[in-house]
Amino acid sequence: MRVLHVITGLGVGGAEHQLRLLLRRLEHDCEVVTLVNPGPVAAAIRADGVTVHELGMRGNRDLSAIPRLAGLIRDGRFDAVHTHLFRAGVYGRVAARLAGVRTVAATEHSLGDGVIEGRPTTAGVRALYLATERLGGTTIAVSEAVRRRLVGWGVPDRRIEVIPNGIDAGELRYDSALRQATRARLGIPADARVVGGVGRLQPTKRFDDLIRAVAALPDVILLLAGDGPARVALTGLARELGIGDRVVFAGAVPHARGALCAMDVFASPSAQETFGMAVIEALACGLPVLYVSCPRWRTAGPSPARAGYRPARPRCATGCAPRCATCPASGGPSRPSSPGTTSPTSPAWWATSTSGWAQAVTAGRECHERQSNTPTSWHAGTPGLARRRGRWRLLRGEGAQLPGRVACRVHR
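Its first residue numbered 1, the sequence shown is counted upward by one per residue in the UniProt record's numbering.
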């Protein structure tokens, strides 16, 4: 089975890295097309042996991209198309239909409350999303929170599958030598106490709250790994608070492991997460974590002893941010729990999560062929498709395992 993955861009980002992980595990013949910005993840995917096409879109309204993408799909004789991110979902679904491909799936990675991929949602954006969503078969939500938002937008619940993201825990295992090398490269003393955050530097991540909180913690260095439109404002805020020398901007990193190894505590002040991947990756690296929003924990089970939850609250009178994980005004930790489910820190959960997502990608069932809105119970195994009574049904096997395991060491 030939599958074409369509993604908006392949710069450094969570959705882009998830696609690379997925491609490593799919047994089908896959290729990728990026609409804009090939970026470093494109080079990494090519290094893995997967063909990456560059469509070269000139902007959001470059309608000439549709026939070019449809032609690529036809010429490649693809059996299924899977889109990632908003623009790829809009253009990819239309192009797949024009090319005669009826097996179309789309993953919604970054739909927040009032924002999508860090940008405000407007009536026009929502209308365009809903109009093109009907051209696909299955919309994959990476968490229950995203599913609820999609339903709130008007996407029928029966068309949505919730498939959590996955990680390769072996890639995130703590490495003391990497810790020392990363600190040396960034100019951080070996004995310094480091609080860190990872993510795109944009307002919804609330890294300004983290900077204000660290300003009240003498001799603590803040390490931020990521880049984005808010970097200039965050740099100015650090200088204004007199801690410009204690805030280190690592910039965009192709992989978060080095930055995570260099940290002592991980903090996530964002209240607009669709999954909480940065929190999960920090835990996999053995870090103690404090967070405001991690939707995956809400449905996966009790937080581990190393993860402290802080609900979002208004700013306190001193100007710092109680919703920030490190703020002393936050009070004691509380842990959301959902007994009876598998913890995301278990290797079995990672294997099931990644395999489940892979199976959903290859499913691509037509909306009129679906007979139930009951969530599918995904299992590790080799995905496949079979025709039965005129409906696509999934074949699932057992025994697939994700390499590596989650490290639980707390390093200081």
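Note that beta-carbon positions come from the ideal geometry of N, C-alpha and C, so glycine has one too.
Residue environment analysis places Thr51 among the exposed positions, since fewer than 16 neighbouring C-beta atoms fall within 10 angstroms of its C-beta. With a minimum length of 3 residues, the unbroken runs of beta strand (DSSP E) contained wholly in the segment 77 to 129 fall at 80 to 84 and 104 to 108.
Unbroken alpha helix (DSSP H) stretches of 4 residues or longer found wholly inside the segment 10 to 34: 14 to 25, given in chain order. Around the beta carbon of Ser64, fewer than 16 other beta carbons lie within 10 angstroms, which makes this residue exposed. Of Ala259, Gly100, Ala271 and Gln18, the smallest CA-CA separation from Val195 is found for Ala259.
Distance from the Cα of Thr8 is smallest, within the candidate group Arg185, Val33, Ala95 and Ala181, for Val33. In the displayed model, Val253 falls within coil according to three-state DSSP, outside both helix and strand. Boundaries of the beta strand (DSSP E) around Ala267: Val265 to Ser268. Between the segment 218 to 234 and the segment 202 to 209 there are three or more C-beta pairs closer than 8 Å, enough to call the two in contact. Taking the Cα positions, Val94 is about 26 Å away from Val12. Around the Cβ of Ala43, a 10 Å sphere holds fewer than 16 other Cβ atoms; the residue is exposed. Between the segment 214 to 224 and the segment 134 to 145 there are fewer than three C-beta pairs closer than 8 Å, too few to call the two in contact. According to the DSSP assignment, Glu240 belongs to the alpha helix (DSSP H) that extends over Arg231 to Glu240. With a cut-off of 8 Å on Cβ pairs, the segment 247 to 258 is in contact with the segment 184 to 201, counting three or more such pairs. Spanning the alpha carbons of Leu150 and Gly14 requires a straight line of approximately 20 Å. Looking at the DSSP output, Val195 shares a beta bridge with Leu222 and Val265. For Leu210, the enclosing alpha helix (DSSP H) has its first and last residue at Phe207 to Ala215.
For Leu4, the secondary structure class from DSSP, reduced to helix, strand or coil, is strand.
Separation of Glu240 and Leu217 (C-alpha to C-alpha, rounded to the nearest whole angstrom) is 16 Å. The count of Cβ pairs closer than 8 Å, one atom from the segment 284 to 293 and one from the segment 172 to 180, reaches three, so the stretches are in contact. Note on Gln272: 16 or more other CB atoms within 10 angstroms of its CB, so buried under the neighbour-count rule. In the three-state reduction of the DSSP assignment, Leu287 falls in the coil class. Leu4 and Arg148 have their C-alpha atoms spaced approximately 28 Å apart.
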